Amino acid sequence: MFEGLSKRLGDVFDKLRGRGALSEADVDAALREVRTALLEADVALPVVRQFVDEVRPKAIGADVIRSVTPGQMVIKIVNDHLVEMLGGTVADLDLGAIPPVVILMVGLQGSGKTTSSAKIAYRLSQGPQGMAAEMFGGTFSTRRKVLMASLDTRRPAAQHQLKVLGEQTGVPTLPIVPLEMPLAITRRALETAKREGFDVLILDTAGRLSIDEELMKEVADISDLAKPKETLLVADAMTGQDAVNVAKAFNDRLAVTGIVLTRVDGDARGGAALSMRAVTGRPVKLIGVGEKFDALEPFHPDRIASRILG
Ligand code: GDP
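Just so we're aligned: the sequence shown equals residues 1 to 310 in this note's numbering.
Spelled out as structure tokens, the structure:
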């Protein structure tokens, strides 16, 4: 773990072996390496700056314990701060409300919103079955009756895509009524969920290519009507710097409660996780690690921290 950063810091600290406390100059030299590592992991620049500013006073004057090198000491301080900034511990979905509990899925088109809706629906309907208990603490400890509905009337194939995923995962979807508008679908979904005794209703909203006002208003109106317990912002881990603008725009407009980071199975080093968390203040709750509907995992801040630091 941390081979990349260890090597960088090793070079910086080679000449400093055996000193008592870390000086300002030592720390700044080390933090320059940390800064590069974070940028290479695609953490957004303002977030990198914030991180370095926060960690600097913690590192300056820190006593180097005899058993470790100054480099290892800095890595520990940096890693601890990174884990803390990522939320510290696993954050569960909060589904504690009178059923049907609504989960609203929002995000850019292509971010993995529909796939993530089906993954969450599948997991909730399966409960702990076939899954290591430590993987999904509270969120998925009981089986729930889940209904999914697509509110994406802009892309003709979107509603059908969710229906197909529903069939594959064994999760019912709201029957499609041609030409019905998003708010009307929301109303019908809520009524159906209530009438038929569903525990959870997952609403998959229209994707957008960029943040535009008309679609933002649409999703805000849906949110006002559906009163979601969870509003999950779905973001692609590969988007790096762009993720920040997207997260900020959605979070300014909606009460985002958590983030689902997708494509964590790809090459991305996970910097988007830190950027998203820092910009919204909301926890990353789940990560997508593949295209299949069981490729969903809880977000472990410590695991992503080591991936970011490399
Ligand atoms: P939406 O437009 O936001 O609803 O995006 P989709 O759910 O249709 O996903 C877009 C593409 O990304 C599809 O081909 C998905 O299979 C793929 N995808 C979604 N999540 C993941 C993930 O976690 N890992 C990988 N490798 N692919 C994903």
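Glycine included, every Cβ here is placed at the ideal spot set by N, Cα and C. Here the structure is a predicted model, which is why all the values come from computation and not from measurement.
- For Ile308, the enclosing alpha helix (DSSP H) begins and ends at Pro301 to Leu309.
- Annotation for Val43: Gly271, Leu274 and Ser275 place their beta carbon closer than 6 Å to its own, counting only its chain and skipping 5 residues before and after.
- Taking 7 Å as the cut-off, the Cβ atoms of Leu147 and Leu201 count as close.
- When C-alpha distances from Leu108 are compared across Val279, Gly290, Leu309 and Ala235, the shortest belongs to Ala235.
- At least one heavy atom of the ligand GDP falls within 6 Å of the beta-carbon of Lys113.
- In terms of Cα proximity to Asp152, the closest of Thr169, Thr36 and Asp204 is Asp204.
- Under the criterion of beta carbons closer than 8 Å, Ala21 and Val64 qualify as touching, at roughly 7 Å.
- Residue state for Thr257 is assigned as coil, using DSSP reduced to three classes.
- Below 8 Å, enough C-beta pairs join the segment 281-300 and the segment 248-263 to call them touching: three or more.
- Relative to the ligand GDP, even the nearest heavy atom lies 6 Å or more away from the CB of Asp242.
- Two segments are said to touch when three or more pairs of C-beta atoms, one from each, lie closer than 8 Å; by this definition the segment 150-170 touches the segment 115-132.
- In this model, Arg154 and Ile103 are separated by some 21 Å (Cα to Cα).
- Distance from the CA atom of Gly71 to the CA atom of Gln129, rounded to whole angstroms, is 44 Å.
- Here Val177 is exposed, its C-beta having fewer than 16 other C-beta atoms within 10 Å.
- Cβ-Cβ distances below 8 Å link Asn245 to Ile211 in the same chain, with the five nearest sequence neighbours on each side left out; the list follows chain order.
- Taking 6 Å as the cut-off, the C-beta of Gln109 counts as close to a heavy atom of the ligand GDP.
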